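A short worksheet on the structure shown next.
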Amino acid sequence: MVLKKRLLMIGCCIAFVILLVLTYSFYKEKRMYEEYLTMNVRQDMVDMKSAIINNDILFNRILTNEKITNEMVEDGEQASQLYYNLQI
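The sequence shown begins at 263 in this note's numbering and counts up by one.
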């Protein structure tokens with residue numbers, strides 16, 4: 263009878279330790295995933311800001327000239343650069 267109580271107590275302690283380890287593991291995994299998502303969102307915001315500034319410059323040039331020219335810009339012609347930036 264006493265042996266069964268001790269075995270039950272030891273089993274409960276082992277189960278509790280395993281539960282703590284699993285909980286901590288899931289917590290660390292969740293934190294790593296949050297950091298990964300935050301990093302991706304930050305990079306997307308930087309890309310979007312760059313595209314908006316670049317498009318503003320290109321649209322102002324188009325409005326000034328009243329046409330889309332084939333003049334070379336960063337990644338090609340104005341039209342293709344605008345198309346790329348608007349897809350971001």
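C-beta atoms are modelled at their ideal positions from N, C-alpha and C, and glycine is treated no differently. Just so it is clear, the structure is predicted and the values come from calculations on it, not from any experiment.
- Judged by beta-carbon spacing, Asn347 lies within the 8 Å limit of Asn316, meaning their Cβ atoms are closer than that value.
- Non-local beta-carbon contacts of Leu281 in its own chain, meaning distances under 6 Å to residues more than five positions away in sequence, are absent.
- As the crow flies, the alpha-carbon of Lys311 is around 30 Å from that of Glu291.
- Residue state for Glu328 is assigned as coil, using DSSP reduced to three classes.
- Ala313 and Ala341 have their C-alpha atoms roughly 14 Å apart.
- In the three-state reduction of the DSSP assignment, Met294 falls in the helix class.
- Met271 and Met307 have their C-alpha atoms some 54 Å from each other.
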